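Have a look at the structure below before the remarks.
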Amino acid sequence: MWSIPFMYAIIAGREPSRSWLFQALYPIKKLDIMAHSMYSLKAMDEEDIIFGTHTLAEQKLVVVFSLKGKMAEVDMGFLDGVYVNLMDHSEVTINGGKLQLNSGPVIIGILE
């Protein structure tokens, strides 16, 4: 979810601040999985989506976002359920193995 100052900057035609993004990513980059995992990226060209996966033993961290802020349905490879988006702590639902991606980035993980 975009912050209110970010949205106001877009409406006003100014370059929006990305400080909220760095603040959200800082605790994520400190996770052990980020330093020791195998990482893969996949581009989903038809939807302009980037799908990244960090894997470390049984742990998995998935990053998905649209390069153009588009909505899309993305096959996540996770069991159905409600997960926490580590970017903004909102709930995201996976149904039928798929995530309905809105405009913002989603980072979810199985880290236990």
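For the sequence shown, the positions run 1 to 112 when UniProt numbering is used.
Note that CB positions come from ideal geometry on N, CA and C, so glycine has one too.
Being a predicted model, the structure only gives us computed values, none of them experimental.
- The straight-line gap separating the alpha-carbon atoms of Asp48 and Met76 is approximately 16 Å.
- Measuring C-alpha to C-alpha distances from Gly81 to each of Asp88, Val106, Lys98 and Glu58 identifies Lys98 as the nearest.
- Between Asn85 and Ile28, the alpha-carbon positions lie close to 11 Å from each other.
- For Phe65, the enclosing beta strand (DSSP E) begins and ends at Gln59 to Ser66.
- If only uninterrupted beta strand (DSSP E) runs of at least 3 residues are considered, those enclosed by the UniProt domain "Bacterial alpha amylase C-terminal" (41–108) are 49–56, 59–66, 72–75, 81–84, 91–95 and 98–101.
- DSSP places Lys29 inside the alpha helix (DSSP H), whose first and last residues are Ser19 to Lys29.
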